[in-house]
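Chemist: For reference, each letter of the sequence shown is one residue, going 1 to 250 in this note's numbering.
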Amino acid sequence: MAIVYQKSKGLTDLEMHYCPGCTHGVIHKLVAEALVDLNLLEHTIGVAPVGCSVFAYNYFNCDMHEAAHGRAPAVATGIKRVLPQNTVFTYQGDGDLAAIGTAEIIHAAMRGEHFTTIFVNNAIYGMTGGQMAPTTLVGQKATTAPHGRDRAHYGQPLHMAEIMATIGGAAYSTRVTVVDMPHMMKARTAIRKAFQMQMEGKGFTFVEVLSTCPTNWGMTPVEALGWVKDTMINEFPLGVFKDADSKEGS
Numbered sequence: 001m002a003i004v005y006q007k008s009k010g011l012t013d014l015e016m017h018y019c020p021g022c023t024h025g026v027i028h029k030l031v032a033e034a035l036v037d038l039n040l041l042e043h044t045i046g047v048a049p050v051g052c053s054v055f056a057y058n059y060f061n062c063d064m065h066e067a068a069h070g071r072a073p074a075v076a077t078g079i080k081r082v083l084p085q086n087t088v089f090t091y092q093g094d095g096d097l098a099a100i101g102t103a104e105i106i107h108a109a110m111r112g113e114h115f116t117t118i119f120v121n122n123a124i125y126g127m128t129g130g131q132m133a134p135t136t137l138v139g140q141k142a143t144t145a146p147h148g149r150d151r152a153h154y155g156q157p158l159h160m161a162e163i164m165a166t167i168g169g170a171a172y173s174t175r176v177t178v179v180d181m182p183h184m185m186k187a188r189t190a191i192r193k194a195f196q197m198q199m200e201g202k203g204f205t206f207v208e209v210l211s212t213c214p215t216n217w218g219m220t221p222v223e224a225l226g227w228v229k230d231t232m233i234n235e236f237p238l239g240v241f242k243d244a245d246s247k248e249g250s
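Set out below in structure tokens:
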């Protein structure tokens with residue numbers, strides 16, 4: 001029988017632990033496929049910090065390094081400077097990157113470190129029970145904001161892809177999502193481009209992926225996908241915000 005589809009060689013055979021409807025698994029698949037397509041897998045080192053993706057080192061079929069909460073960019077900086085010929089990436093959630101790790105990611109971009117960050121934004125702290133994150137939408141409920149995020153009290157959510165685009169050392173900053181096949185294909189292209197630009201020495205590359213968290217959002221998987229399309233994208237518009245190859249965003 002002819003094989004029409006098989007699991008990417010960039011992933012291990014271990015069963016993933018993510019909740020039903022979570023799109024971490026889809027994002028893992030796209031990262032793995034990009035590394036295989038570009039023939040980078042054998043020379044790739046990933047860094048996974050604290051968060052729902054803390055066990056990502058079990059799933060990517062490449063060398064992986066664990067980092068303390070928010071410190072993945074610092075670890076990736078050290079690895080890439082010692083092993084500049086290797087592909088290096090961090091895989092971080094919004095609670096990790098946009099809260100405790102804000103300074104780390106900002107200064108890594110400012111220095112133009114030659115690694116890639118895959119930033120998974122599901123607008124909430126997933127692993128620790130659904131607390132409000134820096135990316136939680138105004139009005140969105142969380143365990144620490146049971147009546148919804150109040151703009152006057154908590155301010156507005158951080159837009160990390162736009163922030164990265166303002167930093168000189170960042171070569172590429174984009175926001176994508178994986179809620180359906182057309183969006184998955186665009187996300188795959190963006191991730192591949194980010195790795196390719198890294199290996200061409202262009203500078204720091206950043207891909208934000210809008211993701212779901214049905215468990216902490218209190219939704220079914222289908223409802224969560226719809227919420228990303230109908231609500232989350234309105235707050236976090238998709239697109240390329242900086243591309244050193246074209247000298248402009250979109």
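Backbone N, C-alpha and C define an ideal beta-carbon position, used for all residues, glycine too. Predicted, not measured: the structure shown is a model, and the values here were computed from it.
If you reduce the DSSP assignment to three classes, tell me which class S250 lands in.
Modeler: Working through the sequence shown from its first residue, we reach residue 250 at position 250. Caution applies to S250, whose pLDDT of 47 falls short of 50 and renders its modelled position unreliable; the value that the coordinates give is listed next. S250 carries a coil assignment under DSSP once its states are collapsed to helix, strand and coil.
Chemist: Give the secondary structure of M64 by DSSP, where H, G and I count as helix, E and B as strand, and everything else as coil.
Modeler: Against the sequence shown, residue 64 aligns to sequence position 64. In the three-state reduction of the DSSP assignment, M64 falls in the strand class.
Chemist: N58 and T128 - do their beta-carbons sit closer together than 8 Å?
Modeler: Looking up residue 128 in the sequence shown gives position 128. Looking up residue 58 in the sequence shown gives position 58. Not a contact, by the Cβ cut-off of 8 Å.
Chemist: Figure out for me which residue from D243, V240, D245, V228 has the closest Cα to the Cα of A123.
Modeler: Counted from its first residue, the sequence shown places residue 123 at position 123. Here the closest residue by C-alpha is V228.
Chemist: Quick one: using the 10 Å Cβ neighbour count with 16 as the cut-off for buried, is M132 buried or exposed?
Modeler: Numbered from 1 along the sequence shown, position 132 holds the residue referred to as residue 132. The residue is buried, with at least 16 neighbouring Cβ atoms inside 10 Å.
Chemist: Can you have a look at I167 and say buried or exposed, based on whether 16 or more other CB atoms are within 10 angstroms of its CB?
Modeler: Against the sequence shown, residue 167 aligns to sequence position 167. With 16 or more other Cβ atoms within 10 Å, it is buried.
Chemist: Exposed or buried, A152, counting other C-beta atoms within 10 Å across all chains shown (16 or more means buried)?
Modeler: Here residue 152 corresponds to residue number 152 of the sequence shown, with the count starting at 1. Looking at its Cβ environment, which holds fewer than 16 other Cβ atoms inside 10 Å, A152 is exposed.
Chemist: Hey, could you find the ends of the beta strand (DSSP E) N121 is sitting in?
Modeler: Against the sequence shown, residue 121 aligns to sequence position 121. First-last of the beta strand (DSSP E) with N121: 116 to 121.
Chemist: Can you grab the Cα-Cα spacing for the pair D245 / T117, in whole Å?
Modeler: Translated into positions along the sequence shown, residue 245 becomes position 245. Translated into positions along the sequence shown, residue 117 becomes position 117. Each residue's CA atom was taken as its position, placing D245 and T117 some 18 Å apart.
Chemist: Our contact map puts C22 next to G46 with C-beta atoms below 8 Å; I'd like the distance itself, whole angstroms only.
Modeler: Residue numbering aside, residue 22 sits at position 22 when the sequence shown is read from its first letter. Residue numbering aside, residue 46 sits at position 46 when the sequence shown is read from its first letter. About 19 Å separates the two Cβ atoms, so there is no contact after all.
Chemist: At which residues does the beta strand (DSSP E) containing L210 begin and terminate?
Modeler: Counting from 1 along the sequence shown, the entry for residue 210 is found at position 210. From DSSP, the beta strand (DSSP E) with L210 extends over 204 to 210.
Chemist: Are Q92 and F115 touching if we call contact CB-CB under 8 Å?
Modeler: The residue labelled residue 92 in the question sits at position 92 within the sequence shown. The residue labelled residue 115 in the question sits at position 115 within the sequence shown. No, Cβ-Cβ distance for Q92 and F115 is not below 8 Å.
Chemist: Quick one, which of I27, M110, A170, H147 has its alpha-carbon nearest F241's?
Modeler: Locating residue 241 in the sequence shown gives position 241, where the first residue counts as 1. Nearest of I27, M110, A170, H147 to F241, Cα basis: A170.
Chemist: Which residues mark the beginning and the end of the alpha helix (DSSP H) in which Y57 is found?
Modeler: Working through the sequence shown from its first residue, we reach residue 57 at position 57. Run containing Y57: none; DSSP gives neither H nor E here.
Chemist: In this structure, does DSSP put L41 in helix, strand or coil?
Modeler: Numbered from its first residue, the sequence shown carries residue 41 at position 41. L41: helix per DSSP, three-state reduction.
Chemist: Can you give me the start and stop residues for the alpha helix (DSSP H) that R188 sits inside?
Modeler: Along the sequence shown, read from residue 1 onward, the residue named residue 188 stands at position 188. Start and end: 181 to 199.
Chemist: So is the beta-carbon of G218 under 7 Å away from any non-hydrogen atom of the ligand COA?
Modeler: Questions concerning the ligand COA fall outside what the structure shown contains, since it holds no ligand whatsoever.
Chemist: Where DSSP assigns a beta bridge to V47, which residues make up the other side?
Modeler: Translated into the one-based positions of the sequence shown, residue 47 becomes position 47. In the DSSP output, where bridge partners are listed per residue, V47 has H65, T90.
Chemist: Can you grab the Cα-Cα spacing for the pair S250 / V138, in whole Å?
Modeler: In the sequence shown, the residue the question calls residue 250 occupies position 250. In the sequence shown, the residue the question calls residue 138 occupies position 138. Only weak support exists for where S250 lies, its pLDDT of 47 falling under 50; the value from the coordinates is given anyway. Approximately 25 Å, taken between the alpha carbons.
Chemist: Could you please give the first and the last residue of the uninterrupted beta strand (DSSP E) stretch that includes K242?
Modeler: The residue given as residue 242 occupies position 242 in the sequence shown. Taken as a continuous stretch (DSSP letters only), the beta strand (DSSP E) holding K242 covers 239 to 243.
Chemist: Would you call the region 63 to 82 and the region 100 to 108 in contact, with 3 or more CB pairs under 8 Å?
Modeler: yes
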